[in-house]
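Everything on this sheet refers to the single structure shown next.
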DNA sequence: TAACCAGATTGACCCGTGTCAATCGAAAGC
DNA sequence: GCTTTCGATTGACACGGGTCAATCTGGTTA
């Protein structure tokens with residue numbers, strides 16, 4: 001079965017970043033800088049607090065990060081996941097304080113690069129600022145699709161879409177094998193991502209399993225059995241299923 | 001939101017809109033380009049269809065635009081409003097097709113500038129790319145806050161937040177007088193923005209009115225009577241309220 | 001091995017929001 | 001002036017998803 005034909009629905013979501021630059025010449029400085037500022041974070045550890053001001057650019061080397069916001073009563077909404085290859089904060093205005101809480105979902109290695117060093121890197125590496133732009137465009141596209149589901153999608157559609165979105169992003173960085181991928185999230189966390197209670201996440205996941213659309217081994221290994229149906233449930237317009245390739249830089 | 005700090009779009013249609021960049025030297029070319037590509041759109045007219053590929057950058061000179069996405073069944077979610085001074089599509093990847101439907105909410109004047117011309121403008125005007133970055137950062141921040149309300153906010157909180165967000169944005173471009181502003185939206189449209197049915201929008205607006213938090217004259221002139229309570233309902237952290245609302249730049 | 005614990009699962013019940021439909025009000029057109 | 005029309009308003013009712021609470025499961029620690 002040709003999964004790729006179904007992925008075309010949301011090509012923009014697939015602007016998944018990788019660290020493969022189109023032209024590697026001159027990227028030695030980048031490699032060196034990434035290595036110098038590299039550090040690891042245990043799963044669950046807080047990397048940046050909401051409200052704190054940050055003047056570094058994060059490059060995710062491995063693992064998952066969650067970017068979240070909370071209501072005053074403590075209810076948390078995950079705004080986005082950052083996956084390997086992602087760049088965070090590339091364009092925040094100089095005076096802007098980060099209002100996002102950044103947390104390691106899994107063990108994560110990131111390079112936290114001071115803004116000015118990052119700036120000089122991008123100045124010297126046009127491919128890098130191109131990559132930045134692609135990541136920004138991909139982020140906006142992802143946010144838009146997600147807002148659509150948050151505003152107008154049923155619980156089932158939200159779950160289905162989240163699975164597809166993550167499938168596509170992971171696929172772009174080579175972390176999908178066959179039609180299976182590792183989803184390092186509790187149902188609680190997945191719920192915070194799609195705006196549902198963990199209980200209802202459970203109900204929806206079980207329903208999708210019963211329908212034979214997905215299957216789960218353990219509680220973190222997902223296999224997509226019927227991408228066509230899943231996409232349909234997710235509210236992905238079949239008319240937009242066109243041939244396009246995952247943009248790999 | 002933070003757009004106005006470095007740019008003011010004066011929506012005087014007769015004299016032509018003027019954009020004030022922090023350093024006006026060299027902006028003559030910008031002025032000329034804006035004027036050359038200027039065009040008007042009647043309220044309700046479609047500017048760009050979802051799925052169409054666009055290779056222009058839009059500068060909003062006057063009026064409101066809505067950027068929206070739809071589910072296959074036609075349910076529409078407004079992703080964002082674009083107000084005077086906004087720049088659309090500044091960084092979309094070259095191959096990226098616009099997946100947003102862009103529509104004029106009111107009579108609108110925009111400059112639709114071909115991507116390559118826009119590129120040469122920003123190359124020559126560092127202030128302009130700085131402005132771009134600020135707009136991107138502001139959009140990102142706005143989307144995050146909105147996703148939080150869509151995922152975790154009650155209907156009342158969503159309405160309250162939407163009013164405050166628009167109040168702040170309009171305030172930044174000088175379109176708030178006292179505590180009143182013109183809201184050129186039907187309840188249906190407001191509902192498509194906050195993810196509620198028009199009927200429930202009505203209920204919430206009426207409730208806020210009864211509470212004495214806002215008042216409406218006609219159905220488009222909003223006055224915020226009690227910003228503290230409104231912000232509280234919106235789930236805005238009181239400590240952060242001063243940062244985002246008070247500052248008139 | 002047994003106790004333990006976090007997360008998944010399931011059922012019962014409640015409530016917020018959507019839907020439907022009727023009515024009202026005001027602006028626009030004839 | 002009268003009619004038309006679109007949007008606001010309100011009530012009645014249905015239902016999706018939240019909440020609470022009771023297991024169940026698998027992995028971890030003593």
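Chains as they are written, first to last, in full-length UniProt numbering: chain A, 1 to 249; chain B, 1 to 249.
Yeah, the Cβ is synthetic: ideal placement off N, Cα and C, and Gly gets one too.
When you compare only the Cα positions, how much space is there between residue 246 of chain A and residue 171 of chain A?
-> Per-residue confidence for residue 246 of chain A stands at a pLDDT of 35, beneath the threshold of 50, marking its modelled position as unreliable; the derived number appears in the next sentence. Using only the alpha carbons, I get a separation of about 9 Å.
Could you tell me which chain A residues have their CB closer than 7 Å to the CB of residue 72 of chain B, listed as they occur along the chain?
-> 235 and 237, listed in chain order.
Helix, strand or coil: how does DSSP classify residue 227 of chain B here?
-> In this structure, residue 227 of chain B counts as helix in the three-state DSSP scheme.
Using the C-alpha atoms, what's the distance from residue 222 of chain B back to residue 111 of chain B?
-> Distance between the alpha carbons of residue 111 of chain B and residue 222 of chain B is about 29 Å.
Report back the beta-carbon spacing between residue 174 of chain A and residue 107 of chain A to the nearest angstrom; my notes put them in contact at under 8 Å.
-> The pair is not a contact, with the Cβ atoms about 19 Å apart (cut-off 8 Å).
DSSP beta-bridge partners for residue 108 of chain A?
-> Paired residue(s): A/41.
Output yes or no for whether 8 Å exceeds the beta carbon distance between residue 211 of chain A and residue 105 of chain A.
-> Not closer than 8 Å, so no.
Mind checking who residue 60 of chain B pairs with in its DSSP beta bridge?
-> Looking at the DSSP output, residue 60 of chain B bridges to B/110.
As assigned by DSSP and simplified to three states, the class of residue 123 of chain B | Helix.
6 Å Cβ shell around residue 37 of chain B - same chain, five flanking residues per side excluded | Excluding residues within five positions, the ones whose Cβ falls inside 6 Å are 111, 112 and 113.
Measuring alpha carbon to alpha carbon, tell me which of A/201, A/30 and A/115 ends up nearest residue 163 of chain A.
-> When only C-alpha atoms are compared, the closest one is A/201.
Cutoff 8 Å: residue 251 of chain B Cβ touching any chain A Cβ | This structure leaves residue 251 of chain B out entirely; chain B is present only between 1 and 249.
Would you identify the three-state DSSP class for residue 187 of chain B, choosing helix, strand or coil?
-> DSSP places residue 187 of chain B within a helical segment (H, G or I) once states are collapsed to three.
Closer than 9 Å, Cβ to any Cβ of chain B: which residues of the stretch 133-157 of chain A, in chain order?
-> Near chain B, meaning a CB-to-CB distance below 9 Å, the residues of the stretch 133-157 of chain A are 133, 134, 136, 137, 138, 139, 140, 141, 143, 144, 145, 146, 147, 148, 149, 150, 151, 152, 153 and 157.
What residues from the UniProt domain "HTH crp-type" (153-228) of chain A come within 9 Å of chain B, judged by C-beta to C-beta, listed N to C?
-> Within the UniProt domain "HTH crp-type" (153-228) of chain A, the qualifying residues are 153, 157, 192, 193, 194, 195 and 196.
Since residue 262 of chain A and residue 149 of chain A are thought to touch, with beta carbons under 8 Å apart, how far apart are those beta carbons, to the nearest angstrom?
-> Nothing can be reported for residue 262 of chain A: it is not among the residues displayed for chain A, which extend from 1 to 249.
Okay, do the stretch 214-233 of chain B and the stretch 177-192 of chain B touch, 3+ Cβ pairs below 8 Å being the bar?
-> Taking 8 Å as the limit for Cβ pairs, the verdict is that the stretch 177-192 of chain B does touch the stretch 214-233 of chain B.
Report yes or no: is there a C-beta of chain B within less than 8 Å of the C-beta of residue 230 of chain A?
-> So, not an interface residue.
Pick helix, strand or coil for residue 157 of chain A, following the three-state DSSP scheme.
-> Reduced to three states, the DSSP call for residue 157 of chain A is helix.
Could you check how far apart the C-beta atoms of residue 29 of chain B and residue 121 of chain B are, in whole angstroms? I think they sit under 8 Å.
-> That pair is a contact at about 7 Å.
Could you tell me which chain B residues have their CB closer than 7 Å to the CB of residue 79 of chain A, listed as they occur along the chain?
-> By Cβ distance, chain B contributes 144 and 147.
Does the beta-carbon distance from residue 47 of chain A to residue 135 of chain A come in below 8 Å?
-> Between residue 47 of chain A and residue 135 of chain A, the C-beta spacing is not below 8 Å.
Name the DSSP bridge partner or partners of residue 215 of chain B?
-> Answer is B/223.
Over what stretch of residues does the beta strand (DSSP E) that includes residue 66 of chain B continue unbroken?
-> Where residue 66 of chain B is concerned, the enclosing beta strand (DSSP E) stretches over 65-70.
Counted within 10 angstroms of its Cβ, other Cβ atoms place residue 69 of chain B as buried (16 or more) or exposed | Residue 69 of chain B is buried by the Cβ-count criterion.
Is the beta carbon of residue 214 of chain B sitting closer than 8 Å to the one on residue 190 of chain B?
-> Residue 214 of chain B is not a Cβ neighbour of residue 190 of chain B, given a cutoff of 8 Å.
How long is the line joining the alpha carbons of residue 60 of chain A and residue 34 of chain A, rounded to whole angstroms?
-> Using only the alpha carbons, I get a separation of about 10 Å.
Would you identify the three-state DSSP class for residue 136 of chain B, choosing helix, strand or coil?
-> Here residue 136 of chain B sits in helix by DSSP.
For residue 180 of chain B, the three-state DSSP class (helix, strand or coil) | The answer is strand: DSSP assigns residue 180 of chain B an E or B state.
Proximal chain A residues relative to residue 75 of chain B, where beta-carbon distance stays under 7 Å | Correct list: 152.
Cβ of residue 65 of chain A within 7 Å of any heavy atom in the ligand SAM?
-> As for the ligand SAM, it is missing from this structure, which has no ligand bound.
Top-ranked residue by Cα proximity to residue 75 of chain A, from A/236, A/216 and A/194 | Nearest to residue 75 of chain A by alpha-carbon distance, out of A/236, A/216 and A/194, is A/194.
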